[in-house]
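Novice:
In full-length UniProt numbering, the protein residues as written are 1 to 110.
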């Protein structure tokens, strides 16, 4: 499962009521659709977590000094940016509905 990654996901920042009939139109099975979306949400979450850890690791130091106060402000700004991002599950649902998620079911290919 993959999708195009961009800096700003095009998904709602809060929960949206969905029509269940929309979710199973591509797979003809609501449970299969939910599994696809949940796996994609896990991928998105892991990517965001890895990216955040890389950015915050630049600030890791064992020295306490005056520069650390300014670095903490930068850390706070980075953290605030990531907190404002839409939840991975919302992004995954939107990508699935927009047809941006590639998936395959080996049992159906036989």
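A virtual CB, placed ideally from N, CA and C, is assigned to each residue, including glycine.
Among 28, 49, 102, whose alpha-carbon lies nearest the alpha-carbon of residue 81?
Specialist: By one-based count along the chain shown, residue 81 stands at place 81. Closest option to residue 81, Cα to Cα, is 49.
Novice: Below 8 Å, how does it come out for the segment 29-46 and the segment 84-99: are there three or more Cβ pairs, yes or no?
Specialist: At 8 Å Cβ cutoff, the stretches touch.
Novice: Taking just the CA atoms, how far does residue 24 sit from residue 76?
Specialist: As a working note, residue 76 is residue 76 in the chain shown. As a working note, residue 24 is residue 24 in the chain shown. Each residue's Cα considered, the two are about 40 Å apart.
Novice: Is DSSP giving residue 81 helix, strand or coil here?
Specialist: Here residue 81 refers to the residue found at position 81 of the chain shown. Of the three classes helix, strand and coil, the one that applies to residue 81 here is helix, per DSSP.
Novice: Relative to the C-alpha of residue 100, which candidate in 109, 26, 45, 108 has its C-alpha closest?
Specialist: Along the chain shown, read from residue 1 onward, the residue named residue 100 stands at position 100. Residue 26 is the option with its Cα nearest to residue 100.
Novice: Which one of 92, 86, 105 has the shortest CA to CA distance from residue 14?
Specialist: Against the chain shown, residue 14 aligns to sequence position 14. Of 92, 86, 105, the residue nearest in Cα terms is 86.
Novice: Just to confirm, are residue 88 and residue 57 a CB contact at a threshold of 8 Å?
Specialist: Within the chain shown, the letter at position 88 stands for residue 88. Within the chain shown, the letter at position 57 stands for residue 57. For residue 88 and residue 57, no; Cβs fall outside 8 Å.
Novice: Can you give me the start and stop residues for the alpha helix (DSSP H) that residue 107 sits inside?
Specialist: Counting from 1 along the chain shown, the entry for residue 107 is found at position 107. That run of the alpha helix (DSSP H) goes 106-109.
Novice: Quick one: does the C-beta of residue 104 sit closer than 7 Å to a heavy atom of the ligand ATP?
Specialist: By its list of ligands, the structure shown contains no ligand whatsoever, and the ligand ATP lies outside what it can speak to.
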